[in-house]
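Below: one structure, written as structure tokens.
There are 2 protein chains.
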Amino acid sequence: MDTNDRPYSQILARLRDAGLRPTRQRLALGRLLFEAGDRHVTAESLHEQAVSAGASVSLATVYNTLHQFTKAGLLREVVVDSARTYFDTNTSDHHHFFHEEDGSLSDISGHAIEVTGLPEAPAGTDVARVDIVVRVRSSR
Amino acid sequence: MDTNDRPYSQILARLRDAGLRPTRQRLALGRLLFEAGDRHVTAESLHEQAVSAGASVSLATVYNTLHQFTKAGLLREVVVDSARTYFDTNTSDHHHFFHEEDGSLSDISGHAIEVTGLPEAPAGTDVARVDIVVRVRSSR
DNA sequence: ATTCTCTTTAGAAGAATTATAAACTATTGA
DNA sequence: TCAATAGTTTATAATTCTTCTAAAGAGAAT
Ligand SMILES: [Mn+2]
Ligand SMILES: [Mn+2]
Ligand SMILES: [Zn+2]
Ligand SMILES: [Zn+2]
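Structure (structure tokens):
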């Protein structure tokens, strides 16, 4: 009943709502993902963090969990690099700065953004999403 | 001196300007890429097309050539799918519709597009490019 | 022609991701 | 409580895309 119970129970509730059993692994990954504000992770980076935080979880489970969380709407995928998949804990409408040099992402709120001049979607198709990626590099 | 000489010599000139020897393989790939209007290819798709057009070229050479052409400014990469790399013969400022179902791309001219509300690039960085991907799906 | 440099290629290797199937664990309900 | 059940984890193999290696081949220069 101390203040540390809240995060746990929030994550428990998220797992419950998603129909996922609150296993040791999912709780550990859920805490890493959702207790620290918005995050952009790859399977490898989250696995490393979990292991170095003392959680015993396999890379296969990290992949499974990221995909399950994504299907449950707790995460979304961000495509910015054809070499690896990023997962984003911010599921609201937003866009990204992508640092090509170190592979890091930062959010651009979707509220202020407006795109004008887009043609209609090709005949027979509907727009699923509009993604904007601003690729940046260190100046000098 | 017939009309078929023009495309060849255009591609020869492009290779020459890029400092690339006009080998049988580069000419064949260059013709497939540049004689048919704007194209979006993957290494695999271009290799298949080359082979079925009777050109004898290895997949490794297709990868090499796509990267060399990109470095020379004849192609650009488009990141829309974390599973494979697309190369685009349209090197002008433009954006894309991406059909997630069949992996096809189509161009959105950059001229008409305007994005408002973008924050400044993070401190110490410069914008290298802004990419807009409109993900579409078949309606119904 | 000879030589030099660049290019191609088969095959190995690398990296990210997914599949398999056996061991494990949470949940259920006797 | 305690099986029985269904869901989960994981080591390991497999897959896919891409890059590397090093030897053979081909264009360019002399
Ligand atoms: Mn995936
Ligand atoms: Mn590449
Ligand atoms: Zn984000
Ligand atoms: Zn294009």
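As given, the protein sequences belong to chains G and D, one line each in that order. 104 is the number that this note's numbering gives to position 104 of the first sequence; each next residue is one higher, with no gaps. To convert, count from 1 in the second sequence and add 140; that's this note's numbering. Positions of the beta carbon are idealized from the N, C-alpha and C atoms, including for glycine. Quick caveat, the model's predicted, so the values are computed rather than measured.
Listed along the chain, the chain D residues whose CB falls inside 9 angstroms of the CB of G/H99 are P262, T265. Counting only unbroken stretches of 4 or more residues, the alpha helix (DSSP H) elements lying wholly within the region 3-47 of chain G are 5-18, 24-34, in sequence order. Put simply, the region 165-176 of chain D touches the region 193-212 of chain D. At least three CB pairs are less than 8 angstroms apart.
Between ligand 3 and the CB of G/V80, the shortest heavy atom gap is not smaller than 7 angstroms. In this structure, G/L105 has its CB closer than 7 angstroms to one or more heavy atoms of ligand 3. At a C-beta separation below 9 angstroms, G/T116 has these neighbours in chain D: A252, I253, E254, V255, T256.
Closest in C-alpha terms to D/D157, from the list D/S246, D/A200, D/G213, D/A183, comes D/G213.
Against G/A55, chain D offers no close residue; the least beta-carbon distance is about 25 angstroms (beta-carbon pairs closer than 7 angstroms). Three or more Cβ pairs drawn from the region 79-97 of chain G and the region 108-128 of chain G lie within less than 8 angstroms of each other, which places the two stretches in contact. At a cut-off of 8 angstroms between C-beta atoms, G/T70 does not count as an interface residue with respect to chain D.
Between G/L46 and G/V78, the CB-CB gap reaches or exceeds 8 angstroms. The region 174-256 of chain D contains, as complete beta strand (DSSP E) runs of 3+ residues, the segments 216-218, 226-228, 234-239, 244-249, 254-256 (chain order).
If you draw a straight line from the Cα of D/E254 to the Cα of D/V270, it comes to about 11 angstroms. Relative to ligand 4, the nearest heavy atom lies less than 7 angstroms away from the CB of D/H234.
When D/F209, D/V274, D/V267 are compared, the shortest CA-CA separation from G/R135 is found for D/V267. D/S278 carries a strand assignment under DSSP once its states are collapsed to helix, strand and coil. Shown here for D/R277: same chain residues with a beta carbon closer than 8 angstroms to its own, the five before and five after excluded, namely H239, E240, E241 in chain order. With its beta carbon at least 8 angstroms from every one in chain D, G/S45 lies outside the interface.
Under the three-state reduction of DSSP, D/A261 is assigned to coil, being neither helix nor strand.
Close CB contacts of G/R21 within its chain, under the 8 angstroms cut and outside five residues either way in sequence, are with L15 (chain order). Under the Cβ distance rule, D/V181 does not count among the residues neighbouring chain G, no pair being separated by less than 8 angstroms.
Comparing alpha carbon positions, the residue from G/D88, G/G103, G/T70, G/I11 closest to G/S82 is G/G103.
Within the same chain, and ignoring the five residues on either side of G/H40 in sequence, the residues whose Cβ sits closer than 6 angstroms to its Cβ are Y86, D88, L105. D/T229 has a beta carbon lying at 8 angstroms or more from every beta carbon in chain G.
The closest heavy atom of ligand 4 lies less than 7 angstroms from the beta carbon of D/N230.
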